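The sequence shown runs 46 to 390 under this note's numbering. All C-beta atoms, glycine included, are put in the ideal place defined by N, C-alpha and C. None of these values were measured; they are calculated from a predicted model. First comes the structure, then the notes that go with it.
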Amino acid sequence: MKKKLRFLINIAYWGTIFGAILLLFRYVVPPALPFLIGFAVASALNPLIGKISRISTRTFSSVIVILPFWSILLFLLWKIGVLIYGEAVELLQWIQTTDFEALFSSIDLPFLNEDAVSWFAEKADALLPALLDLSQNALIKLLNVLIELPGAIIFSFAMIASSLLFSISYPKIEPFVLRQLPIRLQAEYYDIKDFLLRKIVRFFRAHGIMFLFNFTELLIGLWFLKSPYPLIFAAIIALADLLPYVGMASVLVPWGLIRWLLFSDPSQGIGLIVLAVIVTVVRELLEPRIVGKNIGLSALATLFSIYFGIKSMGFFGAIVFPLLFLFLKEWNESGRILLWKNEPE
């Protein structure tokens with residue numbers, strides 16, 4: 046009876062904590078996001094600022110590091126964002142104005158019989174309304190971005206100002222936080238800090254580098270093949286590569302086969318397949334050196350956490366939930382909590 050009661054108490058306890066975390070990320074984190082990003086930037090740049098502050102004041106060191114960092118980063122994001130936005134609008138307008146029935150009827154499929162061609166045409170006709178509706182909704186959302194521009198400016202200002210203020214006061218923040226915690230939780234604070242620096246920061250840095258490298262590689266390849274909308278397709282394919290069980294080849298190879306077999310464009314079709322081989326080989330060579338050990342979750346657990354996060358909180362949840370699962374895994378392995386039995390060493 047005591048074991049059952051302890052089991053129910055543990056479920057209620059961890060269920061309450063998990064529910065509180067969900068509420069925190071749903072209602073508290075989104076409005077506080079610019080300040081959280083500001084603190085993350087201040088933490089990442091603190092070693093450099095600390096070295097400069099040895100020969101200057103903390104305020105001056107923070108200003109000459111933080112402001113150029115944000116100026117360069119936001120300028121690059123603005124230029125790339127404008128180009129991708131233009132390509133996305135153009136692509137969605139093309140989907141809206143293209144006569145897909147005439148396009149599909151003009152495709153020559155000599156390797157298929159009439160029944161297969163009829164089946165393909167029926168499926169394509171069934172997908173057209175959904176495709177048009179999706180493109181219409183996406184186009185409306187893209188145009189709404191312009192309406193939300195003032196909010197983005199306020200968000201950016203809060204992010205930059207908070208990172209600068211956090212950086213100036215950084216040496217005082219950690220002692221202040223520790224003073225607010227009970228003594229028994231101060232050791233946990235250092236463990237959590239070590240976890241954040243050791244796992245999460247390295248994970249984002251490594252996968253950010255891989256994304257930029259893959260994006261650049263794809264952009265050069267698609268531009269060389271004269272593919273339409275190279276920026277937006279390079280970004281989509283590079284993002285798809287971050288998902289478990291999905292790679293760049295899983296997008297490029299079917300795309301190449303469609304261009305080659307359905308649209309009678311063997312040069313671009315073969316080129317896309319060759320590009321898939323090149324980017325896959327380069328990725329396999331570089332990823333162990335850049336990423337090293339993976340995030341620590343199995344591919345199935347990562348996929349589940351991403352899917353659960355998207356369903357719960359949208360795109361933001363796809364980032365938060367894998368990290369939350371990883372945090373629970375680390376604490377379970379260290380013995381602080383017992384959610385499941387670990388493998389024997």
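Report back the beta-carbon spacing between residue i and residue j to the nearest angstrom; my notes put them in contact at under 8 Å.
i: residue 212; j: residue 77; result: Contact doesn't hold; Cβ gap of about 18 Å is too wide.
i: residue 108; j: residue 209; result: 7 Å
i: residue 299; j: residue 305; result: Rounded, the Cβ-Cβ distance is 11 Å, inconsistent with contact.
i: residue 292; j: residue 325; result: 7 Å
i: residue 259; j: residue 294; result: 12 Å between Cβ atoms; not a contact.
i: residue 80; j: residue 203; result: 7 Å
i: residue 370; j: residue 350; result: 4 Å
i: residue 110; j: residue 100; result: Rounded, the Cβ-Cβ distance is 13 Å, inconsistent with contact.
i: residue 316; j: residue 345; result: No, residue 316 and residue 345 are not in contact; Cβ-Cβ is about 34 Å, not under 8 Å.
i: residue 234; j: residue 91; result: Between residue 91 and residue 234 the Cβ distance is about 17 Å, and since that is not below 8 Å, they are no contact.
i: residue 263; j: residue 279; result: 4 Å
i: residue 132; j: residue 274; result: 4 Å
i: residue 287; j: residue 256; result: 7 Å
i: residue 237; j: residue 368; result: Wrong, their Cβ atoms sit about 12 Å apart, outside the cutoff.
i: residue 136; j: residue 277; result: 7 Å
i: residue 392; j: residue 301; result: Since the first residue of the chain shown is 46 and the last is 390, residue 392 is not available in this structure.
i: residue 207; j: residue 83; result: 3 Å
Taking DSSP as the reference, what is the three-state secondary structure of residue i?
i: residue 328; result: helix
i: residue 202; result: helix
i: residue 308; result: coil
i: residue 207; result: helix
i: residue 367; result: helix
i: residue 227; result: coil
i: residue 362; result: helix
i: residue 255; result: helix
i: residue 271; result: coil
i: residue 296; result: helix
i: residue 288; result: coil
Using a Cβ-Cβ distance cut-off of 8 Å, determine whether residue i contacts chain D.
i: residue 283; result: You won't find chain D in this structure, because it holds only one protein chain.
- [ ] Can you check the stretch 60-135 for any alpha helix (DSSP H) of at least 4 residues that lies completely inside it and give the ranges in chain order?
- [x] 74-97
How do the stretch 345-365 and the stretch 218-226 stand: do at least 3 beta-carbon pairs fall below 8 Å, yes or no?
no
Discussion item. Across the stretch 114-126 and the stretch 228-239, are there enough close Cβ pairs to call them in contact, namely three or more that are closer than 8 Å?
Written reply: no
Query raised in the report: Touch check for the stretch 62-77 and the stretch 192-201: three-plus C-beta pairs under 8 Å?
Result: no
query = Is the stretch 124-131 close to the stretch 247-257, with three or more CB pairs under 8 Å?
reply = no
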